[in-house]
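J.:
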Amino acid sequence: MRINCYIVEEHNEAFSIWRNEIAANQFDGTNITLLHFDDHADMNAPIIRLGEDESFEQFLHSQKATEKLGIASFIVPAIYLGFFTKIAWIRQGFKDKVGKSMYIGSTCTRNKMLIIGQAEEAPIDKNSFDKILPFEFNRMPEGDLSTMKTSCFFLDIDLDYFSCIEDPVSNNALTIEITENEYRSFKNDPYHSIRYMVSKVEAVTQGGKYFYLVNDNDIKLTGSRKVDLATIHARIEAFSSALSEFYYPPLMITICRSRYSGFTPNDQWELIEREVVKSLSKLYDIEIIYA
Numbered sequence: 001m002r003i004n005c006y007i008v009e010e011h012n013e014a015f016s017i018w019r020n021e022i023a024a025n026q027f028d029g030t031n032i033t034l035l036h037f038d039d040h041a042d043m044n045a046p047i048i049r050l051g052e053d054e055s056f057e058q059f060l061h062s063q064k065a066t067e068k069l070g071i072a073s074f075i076v077p078a079i080y081l082g083f084f085t086k087i088a089w090i091r092q093g094f095k096d097k098v099g100k101s102m103y104i105g106s107t108c109t110r111n112k113m114l115i116i117g118q119a120e121e122a123p124i125d126k127n128s129f130d131k132i133l134p135f136e137f138n139r140m141p142e143g144d145l146s147t148m149k150t151s152c153f154f155l156d157i158d159l160d161y162f163s164c165i166e167d168p169v170s171n172n173a174l175t176i177e178i179t180e181n182e183y184r185s186f187k188n189d190p191y192h193s194i195r196y197m198v199s200k201v202e203a204v205t206q207g208g209k210y211f212y213l214v215n216d217n218d219i220k221l222t223g224s225r226k227v228d229l230a231t232i233h234a235r236i237e238a239f240s241s242a243l244s245e246f247y248y249p250p251l252m253i254t255i256c257r258s259r260y261s262g263f264t265p266n267d268q269w270e271l272i273e274r275e276v277v278k279s280l281s282k283l284y285d286i287e288i289i290y291a
């Protein structure tokens with residue numbers, strides 16, 4: 001059986017692909033594990049502003065969900081919908097496997113907030129939640145993949161797993177026009193909230209208008225997680241070896257480029273994608289789909 005292998009630009013696009021694949025193939029979500037190869041956990045819990053007469057489930061099953069979920073908050077809604085009950089996050093540099101029993105809940109409010117935490121810290125008062133569900137979260141090096149006893153799994157790969165720009169946002173300068181009141185509020189308040197949201201911010205006046213200059217910095221940093229080509233090739237080989245220890249193939253595969261968000265280095269993403277696809281093609285009978 002051929003395995004669909006979807007290639008997406010940014011990771012939130014995986015959410016609708018998972019949703020559609022599960023609906024089309026009637027996968028049993030209670031038995032599916034997500035193997036998430038990524039430099040980031042992507043386990044942020046989103047707050048969703050719903051439309052009038054729109055239920056949370058309707059929103060999550062609509063096209064709007066992909067647009068409104070962020071690149072770090074698409075996995076938690078998937079757990080909430082029952083796509084997965086086990087998550088395995090694999091990242092370069094992890095030394096040991098750490099597993100936790102977790103819970104996810106949705107608030108009984110008009111605009112929904114998903115909340116996650118360790119199972120022993122689950123809210124005692126269930127009346128504040130629409131529902132609370134258990135799930136298992138594991139973080140591990142790829143060498144421990146063989147400890148994940150599962151025959152049903154989705155394989156999810158971010159190319160930044162193999163080489164990563166740690167903080168690309170700090171390298172992207174933005175100019176945002178603001179009001180005079182906002183300008184004066186920033187100048188008069190050393191604890192203004194925006195000072196803690198970005199790496200660097202200034203408020204300036206130009207031609208009678210007012211602006212925030214965000215991350216206006218000539219120094220471009222790559223951090224320590226961008227590696228050379230030899231290391232990339234070695235990591236892809238280790239990745240392939242770890243996957244080969246699974247007796248069963250994945251039900252489907254998603255590959256995220258993360259090039260526009262800047263996490264996968266612009267001078268390396270094409271090589272990484274080509275070599276990862278080549279490696280997967282040796283392991284499985286895959287059909288590449290550019291989503």
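Residue numbers (this note's numbering): 1 to 291. Heads up, the beta-carbon is just placed ideally off N, CA and C, and yes, glycines get one too.
1. Within the chosen definition, does the region 30-39 reach the region 51-59 through at least 3 CB pairs nearer than 8 Å?
2. Do the CB positions of Ile255 and Ile7 come within less than 7 Å of each other?
3. With DSSP as the reference, label Thr107 as helix, strand or coil.
4. So what does DSSP say about His233, is it helix, strand or coil?
5. Is Lys100 helix, strand or coil by DSSP?
6. Straight-line CA distance for Arg91 to Glu142?
7. Taking the beta carbon of Thr33 as the centre, do at least 16 other beta carbons fall within 10 Å, making it buried, or is it exposed?
8. Looking at the unbroken alpha helix (DSSP H) that takes in Asn20, where does it start and where does it end?
9. Does the beta-carbon distance from Arg313 to Glu166 come in below 7 Å?
10. For Cys152, I'd like the list of residues in its chain whose CB is within less than 8 Å of its CB, leaving aside the five on either flank, ordered along the chain.
11. Which residues in the same chain as Ile157 place their Cβ atom closer than 6 Å to its Cβ, once the five residues preceding and following it in sequence are excluded?
12. Using DSSP's beta-bridge definition, name the partner residues of Cys5.
13. Note the first and the last residue of the continuous beta strand (DSSP E) segment covering Pro134.
T.: In this structure, then:
1. No: the two stretches stay apart, fewer than three of their Cβ pairs being nearer than 8 Å.
2. On the sequence shown, residue 255 is found 255 positions in, with the first residue counted as 1. On the sequence shown, residue 7 is found 7 positions in, with the first residue counted as 1. Cβ distance < 7 Å, so Ile255 and Ile7 count as in contact.
3. As a working note, residue 107 is residue 107 in the sequence shown. The answer is strand: DSSP assigns Thr107 an E or B state.
4. As a working mapping, residue 233 is identified with position 233 in the sequence shown. Reduced to three states, the DSSP call for His233 is helix.
5. Within the sequence shown, residue 100 is the residue found at index 100, counting from 1. The answer is strand: DSSP assigns Lys100 an E or B state.
6. Taking the first residue of the sequence shown as 1, we reach residue 91 at position 91. Taking the first residue of the sequence shown as 1, we reach residue 142 at position 142. If you take the alpha carbons of Arg91 and Glu142, they lie about 7 Å apart.
7. Translated into the one-based positions of the sequence shown, residue 33 becomes position 33. Result: buried.
8. As a first step, residue 20 must be located in the sequence shown, where it is residue number 20. Counting along the chain, the alpha helix (DSSP H) containing Asn20 begins and ends at Glu13 to Asn25.
9. This structure does not reach residue 313, given that the chain is present from 1 up to 291, and the question cannot be answered.
10. What you label residue 152 is simply residue 152 of the sequence shown in a count that begins at 1. Taken in chain order, the residues that qualify are Phe27, Asp28, Asn31, Ile32, Thr33, Tyr248 and Leu251.
11. Residue mapping note: residue 157 aligns to position 157 of the sequence shown, counting from 1. Cβ within range, chain order: Phe37 and Ile255.
12. Here the question's residue 5 lines up with position 5 in the sequence shown. Answer is Ile253 and Ile288, bridged to Cys5.
13. By one-based count along the sequence shown, residue 134 stands at place 134. Taken as a continuous stretch (DSSP letters only), the beta strand (DSSP E) holding Pro134 covers Phe129 to Met140.
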